[in-house]
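As you go down the protein sequences, you meet chains A and B in turn. According to this note's numbering, the first sequence is numbered sequentially starting from 1. According to this note's numbering, the second sequence is numbered sequentially starting from 177. Okay, structure first, notes after.
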Amino acid sequence: MSTELIIFSVLAVVVLASAYKVVTARLITHAALFLVLSFTGVAGIYLQMHQEFLAAIQVLVYVGAITTMILFAIMLSEIRDIKMEVETRRTGLRYVVRRSAPFAFVVGAVFAAFMTYLFGVAGWDQPVGAALPYQVQAVGKELFTTFVVPFEVASILLLAAMIGAIVLTAREEADR
Amino acid sequence: MIPLYMPLSLGAFLFGLGLWGALTRTNAVRILMFIELMLNGVNLNLVSFSRYLTPDDPRGPIFVLFVMTVAAAEAAVGLAIILSLVRNRGTVEVDRVNLLKG
Numbered sequence: 001m002s003t004e005l006i007i008f009s010v011l012a013v014v015v016l017a018s019a020y021k022v023v024t025a026r027l028i029t030h031a032a033l034f035l036v037l038s039f040t041g042v043a044g045i046y047l048q049m050h051q052e053f054l055a056a057i058q059v060l061v062y063v064g065a066i067t068t069m070i071l072f073a074i075m076l077s078e079i080r081d082i083k084m085e086v087e088t089r090r091t092g093l094r095y096v097v098r099r100s101a102p103f104a105f106v107v108g109a110v111f112a113a114f115m116t117y118l119f120g121v122a123g124w125d126q127p128v129g130a131a132l133p134y135q136v137q138a139v140g141k142e143l144f145t146t147f148v149v150p151f152e153v154a155s156i157l158l159l160a161a162m163i164g165a166i167v168l169t170a171r172e173e174a175d176r
Numbered sequence: 177m178i179p180l181y182m183p184l185s186l187g188a189f190l191f192g193l194g195l196w197g198a199l200t201r202t203n204a205v206r207i208l209m210f211i212e213l214m215l216n217g218v219n220l221n222l223v224s225f226s227r228y229l230t231p232d233d234p235r236g237p238i239f240v241l242f243v244m245t246v247a248a249a250e251a252a253v254g255l256a257i258i259l260s261l262v263r264n265r266g267t268v269e270v271d272r273v274n275l276l277k278g
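Right under this line is the structure:
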């Protein structure tokens, strides 16, 4: 009980601190790398909840694919954007807090505090699932029997997104 | 097991941090990063409910899997739009993309 709480607290601190650094980091590349740390911490929390399948998917999709894509977008956009250097120079914490952040910070903090209050008073304190959860085999079986149609729709969605990304970014090459 | 409200609160705070960033920053790539952060908080909530309330039901993780699929597709198309924006307008600041402003 106590060990689980300590592990969860460490992971939560890592996740929240790196998410905070994503907001306040001066350089956008640093923000993207802190995003990797935050995603990895969330994967650790999934592991602590015995969701090994979701932890693996989290590392593959978020840490592996999405962050790499974001880093590629940063590199490709920073070459052409000459204003980037000027913008990043005045995006430190002081600039962020001074300019428009107080209102946005209040909005985020009020939301998080209100949701925490709701979760606290909701009375879900008794964990039902003390036993080990589903097996990964059960997920695969359910995914390919009951949810086979949504699964195929998801694959079509990914195909459409891939074709859309190629069309959006390769237009200049076609015009040449 | 830790009480259910703790991972739920972590997800809420992750969402709040992402909301703060998305409302503050004007860089389009950064806004996309904050959207991913908020989606992560929502996923954490879904996983927590699935783990604590219906632990032996594989439908919770499957739902999270579909959310992640949509997030990946959204990130791919969004970054392609940003690259197209950089190519056509020469900026990634959303404040300067005001072509439709009256």
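A virtual CB, placed ideally from N, CA and C, is assigned to each residue, including glycine. In this text, all values refer to a predicted model and were calculated from it rather than measured experimentally.
Query raised in the report: DSSP three-state call for Asn280 of chain B: helix, strand or coil?
Result: With chain B covering only 177 through 278, there is no way to say anything about residue 280 of chain B.
Item checked: Members of the stretch 179–190 of chain B that neighbour chain A once the beta carbon cut-off is set at 9 Å -> Pro179, Leu180, Tyr181, Met182, Pro183, Leu184, Ser185, Leu186, Gly187, Ala188, Phe189 and Leu190
inquiry  = Taking the straight line between their C-alpha atoms, what separation do you get for Thr145 of chain B and Lys277 of chain B?
reply    = Outside the shown range of chain B, which is 177 to 278, sits residue 145 of chain B, and nothing can be said about it.
Next item on the list: Show which residues of chain A have a CB atom less than 7 Å away from the CB atom of Ile257 of chain B.
Entry: Leu168
- prompt: Taking the alpha-carbon positions, what's the Ala256 of chain B to Ala247 of chain B distance?
  reply: 14 Å
Unbroken alpha helix (DSSP H) runs of length 4 or more, entirely within the stretch 143–174 of chain A: which are they? 148–169
In chain A, what lies closer than 7 Å to Ile238 of chain B by C-beta? Val139, Glu142, Leu143 and Phe147
Any chain B beta carbon closer than 8 Å to Gly64 of chain A: no
What first and last residue would you give for the alpha helix (DSSP H) that runs through Glu269 of chain B? Counting along the chain, Glu269 of chain B falls outside any alpha helix (DSSP H), and DSSP gives it neither H nor E.
*asked:* So with CB distances below 8 Å, who are the chain B contacts of Met196 of chain A?
replied: The question about residue 196 of chain A has no answer here: the residues shown for chain A are numbered 1 through 176.
Q) What residues match up with Leu203 of chain B in a beta bridge as DSSP calls it? A) In the sequence as displayed, the identity of residue 203 of chain B is Asn instead of Leu. DSSP lists B:Glu269 as partners of Asn203 of chain B.
Please identify, using Cβ separations under 8 Å, the residues of the stretch 203–219 of chain B that lie next to chain A, in order along the chain. Listed in sequence order: Asn203, Val205, Arg206, Leu208, Met209, Phe210, Glu212, Leu213, Asn216 and Asn219.
For this session: Return the chain-ordered ranges of every alpha helix (DSSP H) run that is complete within the stretch 187–234 of chain B and spans a minimum of 4 residues.
Result: Listed in chain order, the complete alpha helix (DSSP H) runs (minimum 4 residues) inside the stretch 187–234 of chain B are 204–229.
inquiry  = Counting only C-beta atoms, is Leu275 of chain B closer than 8 Å to chain A at any point?
reply    = no
According to the neighbour-count rule (16 or more other Cβ atoms, all chains shown, within 10 Å of its Cβ), is Leu195 of chain B buried or exposed?
By the 10 Å Cβ count, Leu195 of chain B comes out buried.
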